[in-house]
Amino acid sequence: MCRFFATAPKGLNELLREELTTFGAENIKTQPTGATFDGELEVGYRSCLWSRLANRIYLVLLETELPNQEALSSVVQSIDWSQHLDKEGTFAVSFSGQGLGITHSHYGALKIKDGIVDYYREHYQVRPSIDTEVPDIRVHGHLNRNQLTLSLDLSGYSLHQRGYREGIQVEAPLKENVAAAILMRANWPEIARQGGAFYDPMCGSGTFLVEAALMASDTAPGLAKSGEMLLNYWLGHNELLWQNLVDEAEQREQAGLRHLPNIYGSDISHKSLDVARNSIQAAGYDDVIEIKQMAVEQGRKWGDWQPGLIVCNPPYGERLGEEETVKQVYLKLGEYLKAEFVHWKAAVLTCHTELGMFLGIKAKRSHDFFNGAMACRLFRFEIEEEWFRQPALQPKQDLAEQVLQLQPDLANTDNAKMVSNRIRKNMKGLKSWVKQNDISAYRVYDADIPEYALAIDLYDTLESGLWVVVAEYAPPKTVNPTKAKRRLYEAMSVLPSVFNVSPERIVFKVRSQQKGQDQYERLDEQKAFFTIVENQTRLRVNFTDYLDTGIFLDHRQVRQEVAKLAAGKRLLNLFCYTATATAEAVKAGCKSSLSLDMSKTYLYWAKHNFMCNDINEKQHVLQQENVLEWLETATQNPKDLFDVIFLDPPSFSTSKRMEGTLDIQRDHVDLIQKTLKLLSKDGKLIFSTNLRKFKLDKAIFEPDYQIENITQRTMPKDYARNMKIHQAWLFSRQ
2 MCRFFATAPK GLNELLREEL TTFGAENIKT QPTGATFDGE LEVGYRSCLW
52 SRLANRIYLV LLETELPNQE ALSSVVQSID WSQHLDKEGT FAVSFSGQGL
102 GITHSHYGAL KIKDGIVDYY REHYQVRPSI DTEVPDIRVH GHLNRNQLTL
152 SLDLSGYSLH QRGYREGIQV EAPLKENVAA AILMRANWPE IARQGGAFYD
202 PMCGSGTFLV EAALMASDTA PGLAKSGEML LNYWLGHNEL LWQNLVDEAE
252 QREQAGLRHL PNIYGSDISH KSLDVARNSI QAAGYDDVIE IKQMAVEQGR
302 KWGDWQPGLI VCNPPYGERL GEEETVKQVY LKLGEYLKAE FVHWKAAVLT
352 CHTELGMFLG IKAKRSHDFF NGAMACRLFR FEIEEEWFRQ PALQPKQDLA
402 EQVLQLQPDL ANTDNAKMVS NRIRKNMKGL KSWVKQNDIS AYRVYDADIP
452 EYALAIDLYD TLESGLWVVV AEYAPPKTVN PTKAKRRLYE AMSVLPSVFN
502 VSPERIVFKV RSQQKGQDQY ERLDEQKAFF TIVENQTRLR VNFTDYLDTG
552 IFLDHRQVRQ EVAKLAAGKR LLNLFCYTAT ATAEAVKAGC KSSLSLDMSK
602 TYLYWAKHNF MCNDINEKQH VLQQENVLEW LETATQNPKD LFDVIFLDPP
652 SFSTSKRMEG TLDIQRDHVD LIQKTLKLLS KDGKLIFSTN LRKFKLDKAI
702 FEPDYQIENI TQRTMPKDYA RNMKIHQAWL FSRQ
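Positions 2 to 735 (the numbering used here) are the ones given, in order, by the sequence shown.
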């Protein structure tokens with residue numbers, strides 16, 4: 002009886018247990034990445050030849066406790082290596098684990114190598130050679146604290162390397178043993194025995210196709226490379242036993258090839274199909290497996306296919322900006338399956354479980370897998386009409402497109418019509434005001450119907466016309482989430498027709514209570530900028546990459562007030578964001594300005610606002626600063642005074658670049674007092690905040706300054722329904 006250890010990819014241990022049992026293994030104990038088992042040598046040989054899941058099969062030579070690391074070489078030396086390696090032979094050593102102060106695999110391997118060399122020096126006065134490329138045997142040591150396991154690698158290479166992909170470069174391939182495990186989970190061996198067909202509609206390099214053929218033909222996955230395994234060069238090798246097993250495998254393959262079911266593959270990429278074709282030919286299945294270049298949206302079965310199994314591994318969309326494209330792939334795949342493959346089984350592997358929802362078929366079962374280090378899930382389906390469903394809508398920026406595509410009937414509900422009528426009424430009431438004031442960006446709906454808690458802004462861009470930005474106020478936990486989603490989808494369903502705009506130009510976001518720099522948090526990286534005009538100033542906006550668009554529309558008249566006061570004067574803009582107020586002030590005749598912000602990203606955006614308006618940056622300076630630190634220094638001995646100062650700080654800030662925090666209610670007195678030190682004799686300070694419960698401590702300032710609350714006169718008509726959107730005051734000396 003021998004002891005063996007089989008390694009396998011993470012997550013396959015239970016399948017591995019089932020497989021090893023069929024080989025006659027006993028006392029199987031699984032671990033996260035493998036299993037130990039007992040059996041005669043035949044069991045180990047059969048595992049090397051037939052395991053579809055294992056990476057390596059090790060024959061355990063020694064299991065012992067070490068008193069210290071110095072004992073490692075001497076324990077290795079005590080083994081009778083003449084049973085395993087000729088004195089003229091070559092060997093290689095690998096090592097894993099740690100303990101007894103050994104933390105480096107190279108050091109552990111070196112100590113084992115020394116023990117083997119010392120054995121041959123002592124008994125034969127020779128030193129066997131090290132050959133890391135093609136040794137006669139490979140020895141592996143594993144140390145867990147003080148427990149040493151020393152083993153022979155019977156194959157000498159990872160068993161997932163069946164041979165049909167050798168020399169073929171494939172980007173991010175699915176390993177052969179992981180593909181085999183997926184086919185096992187999908188019950189392909191049984192479906193194949195019943196004559197069912199196999200199809201991979203996104204076959205890529207063809208791994209599923211070849212593994213399916215190997216299984217269906219009862220071909221041992223190690224057969225093609227049986228002569229290359231290192232067990233052939235091991236002195237303890239039972240050549241007759243091995244040859245009998247190889248002969249048996251060849252006979253089983255010959256019998257299995259006579260009953261192979263139909264196997265098909267297709268892919269949109271001709272380059273992938275070239276790779277697949279090479280793999281299929283190398284495996285010997287070019288007369289069995291049929292492949293075709295085709296996208297799933299073009300999908301039609303070619304020929305009379307017996308219902309069977311569909312397995313595929315669609316793209317994951319790992320890179321930013323790919324998710325929309327990948328989602329469309331899943332939608333098209335689901336439509337293809339439902340249209341062409343009723344009564345089939347299907348299994349789809351994905352690393353983003355929410356993408357599986359877009360197939361529009363309810364999964365019967367799911368299994369966790371790992372593709373390398375990437376956690377994935379295999380969804381198994383029965384393609385029957387009773388399991389068909391509408392894909393779930395996802396609260397992403399393209400929500401309007403999703404609703405139009407997946408639930409178009411929502412636009413006809415009474416509630417959707419109610420929302421539509423309210424928006425149309427608001428637009429009618431704002432129409433003349435928008436035209437008279439030449440306004441190109443404004444709010445048209447702000448939770449007018451409380452149950453439909455959305456803010457809807459229109460942007461009429463110079464480049465591409467109208468865009469709609471919709472922000473949902475996150476509902477409180479007391480609201481039923483299912484009802485809240487239904488209301489959201491109803492509202493989104495009517496927007497394309499209400500605004501006569503394609504759904505691709507309706508951008509959806511969720512707006513929760515913001516703290517610190519949250520409003521500036523990057524959401525995407527499309528870098529699609531557009532231009533609007535406000536107060537005769539061209540301003541750049543971005544609808545997708547951040548929660549806010551680069552301009553706060555409720556401050557439209559605050560910016561106008563700043564611009565009017567700054568004509569012919571010197572302006573200081575603190576916490577300037579994208580410096581829209583400065584740009585408008587310059588267009589109104591501001592003589593010089595200094596605009597400060599901590600964000601390099603938004604100052605770069607501000608630079609483009611200046612460029613759009615031909616603003617001289619030597620006269621009008623943009624400067625990256627921690628405003629609080631800058632104020633601390635600038636007010637020590639103020640030399641540069643400003644005629645107009647615009648102070649619009651965040652309500653809260655916990656930026657990584659700023660020590661401590663800013664709480665505008667707590668800190669506003671100190672912040673305003675320091676800012677006023679930079680104000681010229683006849684200067685004006687405009688202070689504003691969007692903190693709804695903010696209370697200005699006027700008594701502190703009134704002995705020296707006149708303070709005028711300008712909130713009402715700076716509140717634009719499109720925000721009349723939400724008068725708490727901001728507060729603003731004008732400070733001037735007594």
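Note that beta-carbon positions come from the ideal geometry of N, C-alpha and C, so glycine has one too. Predicted, not measured: the structure shown is a model, and the values here were computed from it.
- Short check: CB of residue 732 to CB of residue 708, under 8 Å? Contact: yes.
- Message: Using the three-state DSSP reduction, which class does residue 591 fall into: helix, strand or coil?
- Response: DSSP places residue 591 in the strand class (E or B) of the three-state scheme.
- Is the segment 693–708 in contact with the segment 403–420, if contact means three or more CB pairs nearer than 8 Å? Taking a cut-off of 8 Å for Cβ pairs, the segment 693–708 and the segment 403–420 do not touch, as fewer than three such pairs fall below it.
- Compare the beta carbon distance of residue 139 and residue 119 with 8 Å and say whether it is the shorter of the two. Cβ atoms of residue 139 and residue 119: not closer than 8 Å.
- Query: Cβ atoms of residue 277 and residue 266: under 8 Å apart, would you say?
  - Reply: If you check the CB distance, residue 266 and residue 277 come in under 8 Å.
- Query: What do you reckon, are the CB atoms on residue 382 and residue 365 nearer than 8 Å?
  - Reply: Yes. Within cutoff.
- Item | Pick from 587, 97, 727, 303 that is closest to residue 651, judged by C-alpha positions | Ranking 587, 97, 727, 303 by Cα distance to residue 651 puts 727 first.
- Considering only residues of the same chain and omitting the five flanking positions on each side of residue 489, which have a CB-CB separation below 7 Å? Once the five neighbours on either side are set aside, the close Cβ partners of residue 489 are 473.
- Query: Is there contact here, the segment 85–98 with the segment 179–197, by at least three beta-carbon pairs under 8 Å?
  - Reply: Segments in contact, no.
- If we ignore side chains and look at the alpha-carbon of each, how far apart do residue 597 and residue 641 end up? One alpha carbon belongs to residue 597, the other to residue 641, and they sit about 15 Å apart.
- Task: Measure the C-alpha to C-alpha separation of residue 313 and residue 213 and round it to an integer number of angstroms.
- Result: If you take the alpha carbons of residue 313 and residue 213, they lie about 12 Å apart.
- Message: Does residue 211 come out as helix, strand or coil in the three-state DSSP assignment?
- Response: Three-state DSSP puts residue 211 in a helix.
- Counting only runs of 4+ residues fully inside the segment 268–307, write out the alpha helix (DSSP H) ranges in chain order. Complete alpha helix (DSSP H) runs here, min 4: 271–284.
- Which runs of the beta strand (DSSP E), 3 residues or longer, sit entirely within the segment 458–542? Whole beta strand (DSSP E) segments, 3+ residues: 466–474, 507–512, 530–535.
- Message: Measuring only the C-alpha atoms, how far is residue 304 from residue 335?
- Response: Between residue 304 and residue 335, the C-alpha separation is close to 21 Å.
- Message: Out of 260, 297, 465, 39, which one is the CA nearest neighbour of residue 503?
- Response: For the options 260, 297, 465, 39, the alpha carbon positioned closest to that of residue 503 is the one of 465.
- the segment 370–380 in contact with the segment 350–359 per 3-pair CB rule at 8 Å: Under the three-pair Cβ rule at 8 Å, the segment 370–380 counts as touching the segment 350–359.
- Item | Closest Cα partner of residue 592 within the set 88, 572, 210 | The shortest Cα separation from residue 592 among 88, 572, 210 belongs to 572.
- Message: Between residue 398 and residue 510, how many whole angstroms is the CB-CB distance? I'm expecting something under 8 Å.
- Response: That belief holds up - the Cβ atoms of residue 398 and residue 510 are roughly 7 Å apart, short of 8 Å.
- My guess is that residue 681 and residue 729 are in contact by the Cβ rule of under 8 Å, so how many angstroms apart are they, rounded? That belief does not hold up - the Cβ atoms of residue 681 and residue 729 are roughly 20 Å apart, past 8 Å.
- In chain order, each beta strand (DSSP E) run of at least 3 residues that lies wholly inside the segment 643–729: The segment 643–729 contains these whole beta strand (DSSP E) runs: 643–648, 680–690, 706–710.
- Please determine if the segment 599–614 and the segment 571–587 are in contact, where contact requires at least 3 C-beta pairs separated by less than 8 Å. By the Cβ test, the segment 599–614 is in contact with the segment 571–587, since at least three Cβ pairs between them sit closer than 8 Å.
- Cβ shell of residue 566 (< 7 Å), same chain only, five flanking positions each side left out: Answer for residue 566: 645, 685, listed in chain order.
- Counting only runs of 4+ residues fully inside the segment 45–109, write out the alpha helix (DSSP H) ranges in chain order. Fully enclosed alpha helix (DSSP H) runs of 4 or longer: 72–78.
- Item | Inter-residue spacing [alpha-carbon to alpha-carbon] between residue 136 and residue 279 | One alpha carbon belongs to residue 136, the other to residue 279, and they sit about 29 Å apart.
- Message: One question on the structure: do residue 358 and residue 393 come within less than 8 Å of each other, judged by their Cβ atoms?
- Response: Residue 358 is a Cβ neighbour of residue 393, given a cutoff of 8 Å.
- Query: How should residue 715 be labelled, buried or exposed, when 16 other C-beta atoms within 10 angstroms of its C-beta is the threshold for buried?
  - Reply: It counts as buried.
- Message: Using CA atoms only, rank isn't needed, just tell me which of 134, 222, 3, 290 is closest to residue 162.
- Response: If we check each option's Cα against that of residue 162, 222 comes out closest.
- Task: State yes or no: is the C-beta of residue 457 within less than 8 Å of the C-beta of residue 419?
- Result: By the CB criterion at 8 Å, residue 457 and residue 419 fall outside the cutoff.
- Quick check: the segment 121–137 against the segment 16–29, are there 3 or more CB pairs under 8 Å? Because the criterion of three Cβ pairs below 8 Å is not met, the segment 121–137 and the segment 16–29 do not touch.
- Whole-angstrom C-beta distance between residue 246 and residue 47, which should lie under 8 Å: Yes, residue 47 and residue 246 are in contact; Cβ-Cβ is about 6 Å, under 8 Å.
- Message: Closest to residue 612 by C-alpha separation, out of 540, 669, 241, would be which residue?
- Response: Cα-wise, what sits closest to residue 612 is 540.
- Message: For a test of the three-state rule: what should DSSP assign to residue 399, helix, strand or coil?
- Response: Looking at residue 399 - three-state DSSP - the assignment turns out to be coil, as it is neither helix nor strand.
- Task: Report the residue from 388, 369, 453 whose alpha carbon sits nearest the alpha carbon of residue 363.
- Result: Out of 388, 369, 453, 388 has the C-alpha closest to the C-alpha of residue 363.
- Message: Helix, strand or coil for residue 321? Go by DSSP, reduced to three states.
- Response: For residue 321, the predicted model reports a pLDDT of 43, less than 50, meaning its position is unreliable; a value from the coordinates is still stated below. In the three-state reduction of the DSSP assignment, residue 321 falls in the coil class.
- Message: My parser needs the alpha helix (DSSP H) runs of 4 or more residues fully inside the segment 364–426; what are they?
- Response: You should have 400–407.
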